[in-house]
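Chemist:
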Amino acid sequence: MTVRINAPDFNLAATLKCGQAFRWSRGPDGWYTGVVGRQVWRLRQKNQTLEWETTVSHPNPLPASGARGSSFIPSPVSCTGEGQGEGEVRRYLSLDRDLRNIVATFPDEPHLREAVKRHWGLRVLRQEPWETLASFIASSTKQIVQIRQIVELLAQRFGRAGCPQPAERLRRDEGIAPYHSFPSVDTIARAMLPELQACKLGFRAKYLLAAARRIDRGEIQLEALPKMEYQRALEELLKLEGVGEKIANCTLLFSCGHDEAFPVDVWMQRALKRLPTGTDFGPYAGWAQQYLFYHERNLRLLPLTV
DNA sequence: TGCCAGGCCTGTC
DNA sequence: GACAGGCATGGC
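Residues in the first sequence are numbered from 62 upward in steps of one, following the numbering used here.
1) Do you know how far the Cα of A322 is from the Cα of L286?
2) Just to confirm before moving on: does the CB-CB distance between I208 and V304 stay below 8 Å?
3) On the criterion of 16 or more Cβ atoms from any shown chain inside 10 Å, does L257 qualify as buried, or is it exposed?
4) I need the straight-line Cα distance from E143 to E189, nearest angstrom please.
5) Across the stretch 146-162 and the stretch 62-76, are there enough close Cβ pairs to call them in contact, namely three or more that are closer than 8 Å?
6) Tell me, which residues are paired with S86 by DSSP?
7) Just how far apart, CA to CA, sit E175 and F354?
8) In the structure shown, what three-state DSSP assignment does W102 receive?
9) Would you identify the three-state DSSP class for I308, choosing helix, strand or coil?
10) Where does N108 sit, in a helix, a strand or coil, going by DSSP?
11) Closest to D326 by CA distance: which of I276, S245 and I308 is it?
12) Which class does Q81 belong to by DSSP, given the choice of helix, strand or coil?
13) For G80, count the other beta carbons within 10 Å of its own beta carbon; 16 or more makes it buried, fewer makes it exposed. Which is it?
14) Consult DSSP for H319 and reduce its assignment to one of helix, strand or coil.
15) May I have the straight-line CA-CA distance separating I276 from S200, to the nearest angstrom?
16) Alpha carbon to alpha carbon, what distance is there between R274 and Y268?
17) Count the other CB atoms within 10 Å of the CB of N310; is the residue buried (16 or more) or exposed (fewer)?
18) So, are the CB atoms of S242 and G220 less than 8 Å apart?
19) Suppose you measure from the CA of W113 to the CA of R187; what does that come to, to the nearest Å?
20) Could you check where the alpha helix (DSSP H) with I276 kicks off and where it finishes?
21) Just the C-alpha distance for A68 and Q109, rounded to the nearest angstrom, thanks.
22) With the cut-off set at 8 Å, would you say R84 and V96 are in Cβ contact?
23) I'd like the list of long-range same chain contacts for V101, defined as Cβ closer than 6 Å, with 5 residues on each side in sequence excluded.
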């Protein structure tokens with residue numbers, strides 16, 4: 062079943078390709094396929110209408126071959142939107158936010174105006190905090206294509222096998238692997254370092270493992286971050302080895318609703334040189350940042366491949 | 001083949 | 001406090 066959602070002021074492609082999420086792929090039919098939680102989602106935009114399809118996880122999970130932990134296996138008729146509300150999609154894509162009001166708070170600078178104009182409709186996602194944190198721990202001095210590869214390897218090795226869409230389910234019999242959810246905190250916490258290193262994490266493997274173990278022990282409570290003041294939430298994440306301000310701010314912005322979080326990487330350093338020193342980006346600095354980041358990438362003829 | 005990548009840690013000054 | 005070097009690995 063395809064659910065149709067009214068989505069004004071929204072740009073699906075920019076939102077999924079702008080470097081805040083690593084698990085979305087665009088098919089030749091224009092559908093974007095990704096894994097959100099334990100579901101496979103398909104999204105397609107036609108003007109102001111967003112089309113959404115999803116799977117439903119099986120009520121009695123079975124182990125997946127090669128994957129650690131229990132699996133979620135599709136029921137034979139699972140590839141529908143039945144039982145799912147569009148509210149979940151609207152929340153994930155921040156369609157419940159008023160983009161015009163957000164952009165109205167941006168500083169009136171020509172370069173930022175141009176970035177917003179070119180990529181109008183880009184929205185900051187509300188992803189799952191652990192997946193976001195882990196993905197950005199893996200991102201350190203990695204190209205985005207490599208981050209996507211690492212995240213996929215982690216999911217295949219430690220995640221739960223999920224439901225491919227109908228057409229692909231047919232091809233699965235020909236050797237197409239199923240989709241996998243991102244591995245849980247406790248699954249990574251129980252992993253051995255060489256297992257993580259085998260996912261091409263390199264020196265980042267020890268940081269991911271240490272973070273998972275501390276979170277699993279309850280020393281850092283990710284679920285509390287969205288409710289904390291921004292500065293307090295930042296300090297919590299900075300307690301983790303291998304997590305500096307850049308990774309912490311990515312986590313707070315892309316998964317915890319802290320709109321003021323402002324990650325600065327090498328691309329943002331370049332973008333900021335185009336703006337007056339000390340520019341105040343306001344309460345939605347993170348949203349402005351994401352427009353600037355994506356615009357900078359495109360100016361360098363490096364549109365993010367999804 | 002060399003440079004660089006959505007960084008961070010550590011040692012040195 | 002500022003800065004440089006090291007860290008793993010692969011795309012370009």
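The C-beta atom is built at its ideal place from N, Cα and C for all residues, glycine as well.
Modeler: Put simply:
1) Straight through space, the alpha carbons of A322 and L286 are spaced by roughly 12 Å.
2) No, the pair does not count as a contact, with Cβ atoms beyond the cut-off.
3) Residue environment for L257: buried (at least 16 other C-beta atoms within 10 angstroms of its C-beta).
4) With a pLDDT of 42 at E143, under the threshold of 50, the modelled position of this residue cannot be trusted; read the value that follows with caution. Distance between the alpha carbons of E143 and E189: 22 Å.
5) Yes, the stretch 146-162 is in contact with the stretch 62-76.
6) Answer is T94, bridged to S86.
7) Distance from the CA atom of E175 to the CA atom of F354, rounded to whole angstroms, is 12 Å.
8) Annotated three-state conformation of W102 is strand, per DSSP.
9) Look at I308 here: in three-state DSSP terms it is helix.
10) It is coil, neither helix nor strand.
11) Selection I276, S245 and I308 evaluated against D326 yields I308 as nearest (Cα-Cα).
12) In this structure, DSSP gives Q81 a state outside helix and strand, which the three-state scheme calls coil.
13) In summary, G80 is buried, with 16 or more beta-carbon neighbours lying within 10 Å of its beta-carbon over all protein chains present.
14) Correct three-state label for H319: coil.
15) Here the C-alpha atom of I276 lies approximately 19 Å from the C-alpha atom of S200.
16) Their backbone Cα atoms lie some 10 Å apart in a straight line.
17) With 16 or more Cβ atoms within 10 Å of its Cβ, N310 is classed as buried.
18) Closer than 8 Å, so yes.
19) Each residue's alpha carbon lies about 17 Å from the other.
20) Judged by DSSP secondary structure, I276 falls within the alpha helix (DSSP H) whose first and last residues are A266 to D277.
21) Our two residues, A68 and Q109, have alpha carbons roughly 5 Å apart in a direct line.
22) Result yes, Cβ atoms of R84 and V96 sit closer than 8 Å.
23) Taken in chain order, the residues that qualify are T116, G223, C224 and Y240.
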